[in-house]
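Going down the list, the protein sequences come from chains A and B. Residue numbering for the first sequence is 3 to 222, as defined by the working numbering. Residue numbering for the second sequence is 19 to 100, as defined by the working numbering. Even for Gly, the Cβ is constructed at its ideal location relative to N, Cα and C. Below you'll find the structure, written out as structure tokens, and then a few comments.
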Amino acid sequence: MKAAVVVFPGSNCDRDCKTAIERSTGASVDMVWHGASELPAGLDLIVLPGGFAYGDYLRAGAMAALSPVMGAVRAAAARGVAVAGICNGFQVLCEAGMLPGALMRNAGLKYVCKAVALDVVNAQTRFTAAYGEQRVAVMTVGNGEGAYFADAETLDRLEGDGRVAFRYRDNPNGSVRGVAGIVSENGNVLGVMPHPDRAFETALGSADGALLFQSVLGRT
Amino acid sequence: MRAKVEVFLKPGVLDVQGKAVENALHGLGWPGAANVRVGRVITLDIGQGTPEAARAEVEAMCERLLASPVIESYRVEVGGAA
Numbered sequence: 003m004k005a006a007v008v009v010f011p012g013s014n015c016d017r018d019c020k021t022a023i024e025r026s027t028g029a030s031v032d033m034v035w036h037g038a039s040e041l042p043a044g045l046d047l048i049v050l051p052g053g054f055a056y057g058d059y060l061r062a063g064a065m066a067a068l069s070p071v072m073g074a075v076r077a078a079a080a081r082g083v084a085v086a087g088i089c090n091g092f093q094v095l096c097e098a099g100m101l102p103g104a105l106m107r108n109a110g111l112k113y114v115c116k117a118v119a120l121d122v123v124n125a126q127t128r129f130t131a132a133y134g135e136q137r138v139a140v141m142t143v144g145n146g147e148g149a150y151f152a153d154a155e156t157l158d159r160l161e162g163d164g165r166v167a168f169r170y171r172d173n174p175n176g177s178v179r180g181v182a183g184i185v186s187e188n189g190n191v192l193g194v195m196p197h198p199d200r201a202f203e204t205a206l207g208s209a210d211g212a213l214l215f216q217s218v219l220g221r222t
Numbered sequence: 019m020r021a022k023v024e025v026f027l028k029p030g031v032l033d034v035q036g037k038a039v040e041n042a043l044h045g046l047g048w049p050g051a052a053n054v055r056v057g058r059v060i061t062l063d064i065g066q067g068t069p070e071a072a073r074a075e076v077e078a079m080c081e082r083l084l085a086s087p088v089i090e091s092y093r094v095e096v097g098g099a100a
């Protein structure tokens, strides 16, 4: 299996993602600069990592959503390639219009960095299948603008269609209805605020994030 | 021509910054301060043309980039020398 991690100026979890994917799945991982207009051939997963792409100028993810590589990411997603936006990557996907809603300033106005327990709301998505009967996953959040927002109608639709993948058990940032992760209509694009890339081995406090990557890429 | 764009969170979207500023104003002795909203102002020069055309262009910029259609509303002013 083959994955790529996009590197924006200001990304800071790009190498964490590469290591997390390699160690949890055995897949090979290419790093792709944001200025690239093409992605490597034969990808099974594209990850938009955490960080502060373009310094969060204007709005978190707004500039990154317009970078050259996003045209290729959008085209790959349209072909069915799995795309996962983690933290800042989730913000980029919302700004790019590839996922509904937006990420706002945390309700407490503070940057929140801690391990959180998540309900695996739907274990039948492409990104959660490996959780199987495991209904709770522990990962780390690290965000200042991590409060998910969408209007009530959109939220009803997301919930009704099983597109809420993860929900906070104890909402750390004021996300509406506790939403921590959602998937696109056709299920191949995931946005998740907590970091599976910071929870892929027990030495890190939790190995539950590995299951997310294994859901997409299997394990060799 | 000069243009000015004001961007605020939509009514109904909780403005946590505005709320914090409001609380601070109360603490400083202005208990009557209410409905504080914190927004963003963007000014720019745009080319020659009618004010109507300039407004349409800046509104397009707002839709594409300057404001988030999900959470923000905007107000455009055009006019004045560049």
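Determine the closest residue to A/Pro-51 out of A/Ile-23, A/Asn-173, A/Val-138, with distance taken between C-alpha atoms.
It is A/Ile-23.
What residues in the region 31-47 of chain B bring their beta carbon closer than 9 Å to a beta carbon of chain A?
If the cut-off is 9 Å between Cβ atoms, the region 31-47 of chain B has Val-31, Leu-32, Asp-33, Val-34, Gln-35, Lys-37, Ala-38 near chain A.
Looking at the secondary structure, which residues open and close the beta strand (DSSP E) in which A/Phe-151 lies?
First-last of the beta strand (DSSP E) with A/Phe-151: 149-151.
Using DSSP with H/G/I as helix, E/B as strand and the rest coil, what is A/Lys-4?
DSSP places A/Lys-4 in strand when its eight states are reduced to three.
Using alpha carbons as the reference points, say which of A/Gly-134, A/Asn-145, A/Ala-66 lies closest to A/Ala-117.
It is A/Asn-145.
Any residues in the region 66-97 of chain B with a beta carbon nearer than 8 Å to a beta carbon of chain A? Which ones, in chain order?
Cβ contacts with chain A: Leu-83, Leu-84, Ser-86, Val-88, Ile-89.
Entirely within the region 73-113 of chain A and at least 4 residues each: give me those alpha helix (DSSP H) ranges in chain order.
90-97, all fully within the region 73-113 of chain A.
In three-state DSSP terms, what is A/Glu-187?
Three-state DSSP puts A/Glu-187 in coil, outside helix and strand.
Here's the rule: buried if 16 or more other CB atoms are within 10 angstroms of the residue's CB, otherwise exposed. What is B/Ala-52?
With fewer than 16 Cβ atoms within 10 Å of its Cβ, B/Ala-52 is classed as exposed.
Restricting to Cα atoms, I'd like to know which of B/Glu-24, B/Arg-73, B/Val-34 is closest to B/Ile-64.
Comparing Cα-Cα distances from B/Ile-64 to each of B/Glu-24, B/Arg-73, B/Val-34, the minimum goes to B/Arg-73.
With C-beta atoms as the reference, is A/Ala-167 less than 7 Å away from A/Thr-204?
The answer is no: Cβ separation not under 7 Å.
Establish whether the CB of A/Arg-76 and some CB of chain B are separated by less than 7 Å.
A/Arg-76 does not count as touching chain B.
What residue range is occupied by the uninterrupted alpha helix (DSSP H) comprising B/Met-79?
Taken as a continuous stretch (DSSP letters only), the alpha helix (DSSP H) holding B/Met-79 covers 69-79.
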